[in-house]
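Be aware that the sequence shown starts at 145, since it is given in the numbering used here, and climbs by one per residue. As structure tokens, the structure follows; a few thoughts come after it.
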Amino acid sequence: MRARLGSYRPSRVLRCSHCKKAWKVMTARMSRRRALALGAGALLGAPAIMCSARAQGRTVYVNSYGGVWESSWRKAFFEPFTAQTGIQIKTVPGVSFAKLKAQVQTRSFEWDVVNLGDVEYAQAVLEGLLEKVDKQAAQTEQLPAHVVREYGITSYSLGTNLVYRKDKFPNGGPQSWTDFWDVKRFPGNRCLYDRSFTCLAFALLADGVPADQLYPMDIDRAFRKMSEIKPHIKVWWREGSQSQQLIRDGEVDMIAMWSARAVDLIDDKVPLELVWNG
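Below, the structure is given as structure tokens:
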């Protein structure tokens with residue numbers, strides 16, 4: 145499982161004579177040096193402290209993964225938020241840490257909210273790309289304590305799972321990362337996420353390290369194991385939609401992909417098996 149954090153930047157504070165609190169409303173442009181880190185929980189908390197009449201005409205731009213992620217968030221978060229505050233939500237596709245960094249450095253912003261994985265979040269904090277969470281405005285007391293961080297709020301968690309095409313393996317496909325590494329027993333085109341931290345964890349699992357003993361990570365051992373599978377990886381995917389297309393079209397036979405993306409394809413009758421056994 146991995147956590148994702150949302151980031152956004154405030155540019156203006158709206159105050160209402162009928163409200164004792166102020167909510168920082170996001171716009172597409174700003175002159176501040178950093179982006180403020182907040183996530184879906186903060187957006188859901190906004191209606192309680194903002195008068196919708198004063199928020200009319202405002203827009204929040206969300207850096208989106210698209211696909212099932214966007215449709216789910218629109219129904220669960222965006223539409224209720226707009227209904228209660230009057231603030232519109234628009235999405236901008238293509239989640240990228242490089243874009244976040246470039247936008248902060250140039251002060252030329254395309255969006256207000258972005259989701260970052262734990263590794264990207266830590267790097268963004270290290271490089272000073274994020275603002276601290278305004279806990280009063282975000283009403284973080286309504287959230288579980290472990291999801292609230294100094295520069296962000298965990299917005300969701302998901303699994304990056306082994307998935308294979310059942311039509312390629314009619315008698316049963318790989319059931320673990322050890323199997324994924326076994327190119328003789330399970331031949332076929334393979335695909336991994338272009339994210340070193342995630343792949344190194346898979347490598348250690350494939351090498352027999354118990355899941356509860358992965359950390360602190362034996363980096364040298366992980367890289368040695370990665371060297372075994374690297375020649376057999378046809379594609380290193382970077383976007384969630386790319387991972388779906390690769391396995392849907394049969395370009396690859398097995399893949400490490402986000403669980404929600406796999407479930408979306410299974411719902412569309414693509415013959416896939418989602419493996420939960422790490």
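Where is the CB? At the ideal position from N, CA and C, for every residue including glycine. Treat the numbers as computed from the prediction; the structure is a model and nothing was measured.
What does DSSP give as the partner residues of Pro314 in its beta bridges?
-> Paired residue(s): none; Pro314 is not in a bridge.
Should Val248 go down as buried or exposed, given a rule of 16 or more other Cβ atoms within 10 Å for buried?
-> Buried.
Mind the definition here: the segment 226 to 236 touches the segment 204 to 212 only if three or more C-beta pairs lie below 8 Å; say whether that holds.
-> Note that the segment 226 to 236 touches the segment 204 to 212; at least 3 beta-carbon pairs, one per stretch, sit closer than 8 Å.
Cut-off 7 Å between Cβ atoms - residues of its own chain near Ser175, not counting five sequence neighbours on either side | With a pLDDT of 31 at Ser175, under the threshold of 50, the modelled position of this residue cannot be trusted; read the value that follows with caution. Closer than 7 Å at Cβ, skipping near neighbours: Arg251.
Counting only the same chain and skipping the five closest in sequence on each side, list residues whose C-beta sits under 8 Å from that of His376.
-> Cβ neighbours of His376 within its own chain (closer than 8 Å, five residues either side excluded): Val327 and Arg334.
Cα-Cα separation, Asp408 to Val212 | Approximately 7 Å, taken between the alpha carbons.
From Arg368, Phe346, Met370 and Ser371, residue whose alpha carbon lies closest to that of Tyr359 = Checked all of Arg368, Phe346, Met370 and Ser371; the closest Cα to Tyr359 is Phe346.
Within the 8 Å Cβ cut-off, does Arg365 reach chain C?
-> No chain C appears in this structure, which consists of one protein chain only.
Around the Cβ of Arg329, are there at least 16 other Cβ atoms within 10 angstroms (buried) or fewer (exposed)?
-> Burial check for Arg329: the Cβ neighbour count within 10 Å stays below 16, so the residue is exposed.
Environment of Trp259 [buried if 16+ CB atoms lie within 10 Å] = Reading the sequence as shown, one finds Asn at residue 259 and not Trp. The C-beta of Asn259 has 16 or more other C-beta atoms within 10 Å across all chains shown, which makes the residue buried.
Tell me which same chain residues have a C-beta within less than 6 Å of the C-beta of Asp412, skipping the five on either side of it?
-> So no residue of the chain qualifies.
Compare the C-alpha of Asp397 against each of Lys245, Val379 and Val239 and name the closest.
-> Closest by alpha carbon: Val379.
For Thr226, which residues from the same chain have a beta carbon less than 8 Å from its beta carbon, with the 5 sequence-adjacent residues on both sides left out?
-> If we look at Thr226 and ignore the five residues flanking it on each side, its Cβ neighbours are Gln232 and Ile233.
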